[in-house]
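According to numbering that gives the first Met the number 0, the residues represented by the sequence shown are 0 to 683, in order.
Glycine included, each C-beta is placed from N, C-alpha and C at the ideal position.
All of these numbers come straight from a predicted model, not from anything done at the bench.
Read through the structure below, which is laid out as structure tokens, and then see the notes.
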Amino acid sequence: MKDHITTDPLLQPYTLKHLKLKNRVMTTSHEPAYPEDGMPKARYRAYHEERAKGGVALAMTAGSAAVSRDSPPVFNNILAYRDEVVPWIRELTDALHEHGCAAMIQLTHLGRRTNWNKGDWLPSISAGPDREPAHRAFPKMVEDWDIERVIEDYATAAERMQAGGMDGIEIQAYGHLMDQFWSPLSNKLSGPYGADTLENRLRFTTDVLNAVRKRVGPEFIVGIRYTADEVQAGGITAEEGIEISKLLRDTGQVDFLNVIRGRIHTDPAMTDVIPIQGMPSAPHLDFAGEVRRATGMPTFHAAKIQDVATARHAIASGLLDMVGMTRAHMADPHVVRKIEEGREHDIRPCVGANYCLDRIYQGGEALCIHNPATGRELSMPHVIKPAADRRKIVIVGAGPAGLEAARVASARGHEVVVLEAANRAGGQVLLTARTKRRAEMMQIIDWRVAQCEAVGVDLRYNLYAEAGDVLAENPDVVIIATGGMANTTLYESDTPDHVVSAWDILSGDVKPAGSLLIYDEAGDHSGLQAAEIAVAAGCTVEIMTPDRTFAPEVMAMNLVPYMRTLQREEVIFTVTKRLRGVQKVGNRLRAVIGTDYSDTVGQADYDQIVVNYGTMPLDGLYHDLRPASSNGGALDQTAFLDVRPQTTVRNTQGTFQLFRIGDAVSARNTHAAIYDALRLMVAV
0 MKDHITTDPL
10 LQPYTLKHLK
20 LKNRVMTTSH
30 EPAYPEDGMP
40 KARYRAYHEE
50 RAKGGVALAM
60 TAGSAAVSRD
70 SPPVFNNILA
80 YRDEVVPWIR
90 ELTDALHEHG
100 CAAMIQLTHL
110 GRRTNWNKGD
120 WLPSISAGPD
130 REPAHRAFPK
140 MVEDWDIERV
150 IEDYATAAER
160 MQAGGMDGIE
170 IQAYGHLMDQ
180 FWSPLSNKLS
190 GPYGADTLEN
200 RLRFTTDVLN
210 AVRKRVGPEF
220 IVGIRYTADE
230 VQAGGITAEE
240 GIEISKLLRD
250 TGQVDFLNVI
260 RGRIHTDPAM
270 TDVIPIQGMP
280 SAPHLDFAGE
290 VRRATGMPTF
300 HAAKIQDVAT
310 ARHAIASGLL
320 DMVGMTRAHM
330 ADPHVVRKIE
340 EGREHDIRPC
350 VGANYCLDRI
360 YQGGEALCIH
370 NPATGRELSM
380 PHVIKPAADR
390 RKIVIVGAGP
400 AGLEAARVAS
410 ARGHEVVVLE
420 AANRAGGQVL
430 LTARTKRRAE
440 MMQIIDWRVA
450 QCEAVGVDLR
460 YNLYAEAGDV
470 LAENPDVVII
480 ATGGMANTTL
490 YESDTPDHVV
500 SAWDILSGDV
510 KPAGSLLIYD
520 EAGDHSGLQA
530 AEIAVAAGCT
540 VEIMTPDRTF
550 APEVMAMNLV
560 PYMRTLQREE
570 VIFTVTKRLR
580 GVQKVGNRLR
590 AVIGTDYSDT
600 VGQADYDQIV
610 VNYGTMPLDG
620 LYHDLRPASS
630 NGGALDQTAF
640 LDVRPQTTVR
650 NTQGTFQLFR
660 IGDAVSARNT
670 HAAIYDALRL
680 MVAV
């Protein structure tokens, strides 16, 4: 046994009640939105099983499983109120147990944190009449019969989870129905469950715990995840949170506490609870340690603990008993195994982009920005298998797509050459990372460069490749990953004179000055990043979009830091207005502004107009090489989607296969570019 395994705090076993956990690392509850018909079927099972294979000691599944029909699955939740869930839970737990991973599940009633127009179209319920701003449904205030019914639902759901072989359950309080009783901000009831005393506010919780225990018995593990400090005037204070923690302990019904700090009722509040890139790491860790010291209870916690060093500190310092590394395991499901093998340097880093959670909260499925195998375990590998035959692969472009193609091709045993025009790798990520708050994005590049260098990939910089450069390498396969160039052409129109691109501002090639119009038709990060640079330079800024919302590609939690900066500087946001043209008037620019909703046309003058309209493929080299390729650049889409080798031949005289990926095909995003590379190269 290696010495570090016996001494590393993260790798030490921990006994929770009767359950022996093989190390101190867990994935906390989250709903990746993979259930089918409310059941955790093959895709859901494969996702969690991959992390179990990777060595995690405890998987807290679901985020959260719904116990009642009037807690509809707004996040595509597991439906714990259905009897047919039991065999699916059994398959899930059996799969995790096979790899020595304990299995638990989080149960909840969402209360007002859902919508009435999901599931059975029942009204949401809560301890007060106010809607949750994030989900907008006005709830019905609970009546006594609602409370009795939901208590019974919790108990029955717990019994189903026990029947499915789960090692325990975690009851979700923060932000959900249970917390809506706890918080003076949301509890407007009177009587035994009212807000007048702490005992009354916790009565619903203690009633649920008592009912659950009657069903599952004293040995089954039951914990609770809750906020011990709402960090808002009039809400649960830190002092009151400690008192609540002690009361939960003193019930004798709770086996562990999973602590968070803050609220999740708005996007900004949730972003402070679950910080994204550019925000401090582990901001609530010390507070969780205070709860542990005050209660003596087994204490779990997760909030941007994305690196091994911070997780190790959390255990070694006695702040936590189990440390949650949930988003870190979405980026790399094999974190623990790599620690055990002394390969921490190989861990794919979580860059805090929060693409995973933002997609969930926009009604999509969780995906990692730079690990496209996450959530696709049934079709995409996390560990690349070698190819039967060694080939020479020439890749043009060292952005995310090109580097992923190089990483995968080299892992398959091919000879790989990468040609890059710039003096370093990165592509468009180099521009993104110029914003200090988004500097972590460079880890997407740095990790891949390190992986490629470790296996001898030939990375050549300062080479603007032409067809002759590529052909001189006598390649078997050529991958064009040259990305795109900023597009300033207006929709179904021409490129106006005198405008600059968001890239010009981000790169520093153009200095913002005076009053700016940022016309954003792409809706991605570039427009808002340019706005941040402009306000920092003292400019007056207006952001305009023809869409009914601005920056839809940025999504909820990533929008928060932008808005905190831009609202402070009184940036103007204009929606449903379309830039029709630009005229030079004296030393200023006149924007001709229309709308898709009428024939109205107006004008406004600015010192500078910035257009953000995605990219156009930089694909000249691709077209130059097509005549010499065997496939003419053609992609067999069926083979591509089935992850089978490409066999199309359109030119029998061709000496190599030619493909393009990422933005060299069309403007998309980092995840799409990397996914292109992975699913093409695993079959080459």
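**Report entry** DSSP three-state assignment for T669, whether helix, strand or coil
**Finding:** helix
Query raised in the report: Is it buried or exposed for M0, if we count other Cβ within 10 angstroms and need 16 for buried?
Result: Caution applies to M0, whose pLDDT of 47 falls short of 50 and renders its modelled position unreliable; the model cannot decide the point.
Requested in this report: Would you decide whether A671 is buried or exposed? Buried here means 16 or more other CB atoms lie within 10 Å of its CB.
Outcome: buried
Query - Cβ pair G323, I263 closer than 8 Å - result: no
Query raised in the report: Which residue or residues does DSSP assign as beta-bridge partners of A515?
Result: First, the residue type needs correcting, since residue 515 is Leu and not Ala in the sequence shown. Looking at the DSSP assignment, L515 forms a beta bridge with V540 and Q607.
**Report entry** Counterpart residues of A101 in DSSP-defined beta bridges
**Finding:** L57
Query raised in the report: What are the boundary residues of the beta strand (DSSP E) that P616 is part of?
Result: T614 to P616
Query - Boundaries of the beta strand (DSSP E) in which G37 is found, first to last residue - result: From DSSP, G37 is part of no beta strand (DSSP E); its letter is neither H nor E.
Requested in this report: Evaluate K384 with the Cβ neighbour count: other Cβ atoms within 10 Å of its Cβ, from every protein chain shown; 16 or more gives buried, anything less gives exposed.
Outcome: exposed
Requested in this report: Tell me where the alpha helix (DSSP H) around D457 begins and ends.
Outcome: Here D457 belongs to no alpha helix (DSSP H); instead the beta strand (DSSP E) covers D457 to R459.
Report task. Report yes if the C-beta distance between A409 and C367 is below 8 Å; otherwise report no. Result -> In the sequence under discussion, the amino acid at residue 409 is Ser, which differs from the Ala named in the question. Against a cut-off of 8 Å, the Cβ pair of C367 and S409 comes out as no contact.
Query - Supposed close pair P560, G522 - CB separation, criterion 8 Å - result: About 17 Å; that fails the 8 Å criterion.
Requested in this report: Please specify which runs of the beta strand (DSSP E), each continuous and at least 3 residues long, are wholly inside the region 102-174, giving them in chain order.
Outcome: 167-171
Requested in this report: Provide the residue span of the beta strand (DSSP E) that contains E300, from first to last.
Outcome: It should be pointed out that residue 300 corresponds to His in this sequence rather than to Glu. Counting along the chain, the beta strand (DSSP E) containing H300 begins and ends at T298 to H300.
Query raised in the report: In terms of residues, what are the limits of the beta strand (DSSP E) holding Q656?
Result: Q656 to R659
Requested in this report: Give every residue of the same chain whose Cβ lies closer than 6 Å to the Cβ of K187, excluding the five residues on either side of it in the sequence, and list them in chain order.
Outcome: G127
Requested in this report: Mind reading off the beta-carbon distance from A94 to R44? Whole number of angstroms is fine, and I expect it under 8 Å.
Outcome: 5 Å
Query raised in the report: From which residue to which residue does the alpha helix (DSSP H) around K337 run?
Result: V334 to E339
Requested in this report: Could you check what DSSP says for I88 in three-state terms: helix, strand or coil?
Outcome: helix
Query raised in the report: In chain order, what residues of the same chain have a beta carbon less than 6 Å from the beta carbon of E419, not counting five sequence neighbours either side?
Result: A397 and Y460
Requested in this report: Would you mind sorting S316 into buried or exposed? The rule is 16 or more other CB atoms within 10 Å of its CB.
Outcome: exposed
Requested in this report: Determine which residues share a DSSP beta bridge with Y13 and list them.
Outcome: L20
Report task. Take the Cβ of K583 as the centre, count every other Cβ of all protein chains shown within 10 Å, and call the residue buried at 16 or more, exposed below. Result -> exposed
Report task. Can you say whether A449 is buried or exposed, counting buried as having 16 or more other CB atoms within 10 angstroms of its CB? Result -> exposed
**Report entry** Selection from V609, H96, D254 and G261 that minimises the alpha carbon distance to D178
**Finding:** G261
Report task. State yes or no: is the C-beta of E364 within less than 8 Å of the C-beta of A32? Result -> yes
Report task. May I ask you to list the residues that DSSP assigns as paired with Q582? Result -> R589
Query raised in the report: Roughly how many angstroms separate the alpha carbons of P267 and M562, rounded to a whole number?
Result: 9 Å
Query raised in the report: Helix, strand or coil: which one does DSSP assign to F639?
Result: helix
Query raised in the report: Helix, strand or coil: how does DSSP classify M680 here?
Result: helix
Query raised in the report: Is the beta carbon of W181 less than 8 Å from the beta carbon of I235?
Result: yes
Requested in this report: Determine the contact status of L335 and V24, defining contact as a CB-CB distance below 8 Å.
Outcome: The question names Leu, but residue 335 is Val in the sequence shown. A contact, by the Cβ cut-off of 8 Å.
Report task. Determine the contact status of P332 and H369, defining contact as a CB-CB distance below 8 Å. Result -> no
**Report entry** Reduced DSSP category for T494 - H, G, I as helix; E, B as strand; rest coil
**Finding:** coil
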